[in-house]
Amino acid sequence: MKKLILAFILLNLILITSTFIGAFLNARQDLIIEQPIGDVGVEIIPYFIKPDGSKETDNIFYEFNGLIKEGVIGVNITNPSDSKYFTKFGVDIVVHSNVKSFIRVAVYEQISLTYVTGGVISEIATTQESYSPFNYNLYEPASGSTPEKHGFYDNRLFDGYFYYTNLVVGSGDATQPLTIPLIDVYNENQTYQPYDGEYRLQLGFIVEVVQFYGGPENNWGLPKTPWNDSIWPREVS
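Per this note's numbering, the sequence shown starts with residue 257, numbered consecutively.
Right under this line is the structure:
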């Protein structure tokens with residue numbers, strides 16, 4: 257199983273460029289300060305659900321003309337029978353930590369069109385009218401007697417990120433990490449309209465983690481939470 261690991265000590269901002277998408281999942285960097293007070297390890301685990309309900313995490317990177325783009329996920333958007341079809345795709349974020357932290361995630365999408373000219377297979381990037389309708393694990397505010405549901409707040413229109421609305425902290429035990437779903441596979445009541453033609457979706461992810469005290473304010477420039485414009489919480493709720 258491919259585990260795409262991003263390791264952080266308090267803060268790790270990944271700055272990666274690519275000629276096509278500009279984001280890779282398999283980069284690892286460590287930032288060490290003079291007096292570290294905590295360690296956070298984060299894994300992004302993309303997968304395709306199998307008919308038996310298990311998760312396929314191997315052979316998921318995008319391939320074109322025999323070349324594999326490491327860190328770029330290839331998703332089929334034309335054939336519902338394909339094992340890598342859109343509705344079968346999911347992403348888990350696994351947190352190993354001993355300090356309270358906040359997480360935000362950037363999702364990079366690119367739809368490409370493959371065509372043949374003179375026997376040569378080529379691909380071009382196409383434009384998208386909107387974001388792909390993945391089944392994101394989204395935050396839901398409290399309403400009446402219904403309490404709020406923690407999840408990811410979609411702030412992409414303003415800064416390109418999803419923000420997890422609760423503090424995260426693992427058990428400190430590598431065998432008992434905290435798993436947070438970012439994208440769930442479609443359920444039987446959800447539908448996706450496939451594309452016609454030789455289109456494919458390419459995906460990349462970047463995750464950023466900051467310590468809970470002063471991290472969002474100092475590293476992200478956000479004095480208040482994007483989801484309810486309040487001060488950042490200090491305790492896990």
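Cβ atoms here follow ideal geometry from the backbone N, Cα and C, with glycine treated the same way.
Identity of the residues DSSP links to residue i by a beta bridge
i: A381; result: S368
i: K405; result: E396
i: L323; result: F320
i: P302; result: V347
i: R215; result: Absent from the model: residue 215. The displayed extent of the chain is 257 to 493, so no value can be given.
i: D410; result: F418
i: N354; result: Per DSSP, none; premise fails for N354.
i: D577; result: Any question about residue 577 goes unanswered here, given that the chain covers just 257 to 493.
Exposure of residue i, with buried meaning 16 or more beta-carbon neighbours within 10 Å
i: V298; result: buried
i: Y341; result: buried
i: P527; result: It is not possible to answer for residue 527, since the shown part of the chain is limited to 257 through 493.
i: N321; result: exposed
i: Y387; result: exposed
i: D485; result: exposed
For residue j and residue i, believed in contact at Cβ under 8 Å, the rounded distance
i: V441; j: N391; result: 7 Å
i: I368; j: I380; result: Correcting the residue identity first, residue 368 is Ser in this sequence and not Ile. Going by Cβ atoms, the distance from S368 to I380 rounds to 7 Å, so yes, they are a contact pair.
i: V222; j: V372; result: Because the chain here runs from 257 to 493, residue 222 falls outside it and cannot be looked at.
i: V347; j: I439; result: 4 Å
i: Y448; j: P389; result: 7 Å
i: L423; j: D410; result: Contact doesn't hold; Cβ gap of about 19 Å is too wide.
Within-7 Å CB hit, residue i to chain C
i: K405; result: This model lacks chain C altogether; it includes just one protein chain.
(request) Counting only runs of 3+ residues fully inside the stretch 449-492, write out the beta strand (DSSP E) ranges in chain order. (result) 455-467
(request) Pair every Cβ in the stretch 354-365 with every Cβ in the stretch 454-463, then say whether three or more of these pairs are closer than 8 Å. (result) yes
(message) When you compare the stretch 462-481 with the stretch 371-379, are there three or more beta-carbon pairs, one atom per stretch, that lie closer than 8 Å?
(response) no
(message) With a threshold of 8 Å, are at least 3 pairs of Cβ atoms found where one atom belongs to the stretch 328-340 and the other to the stretch 468-476?
(response) no
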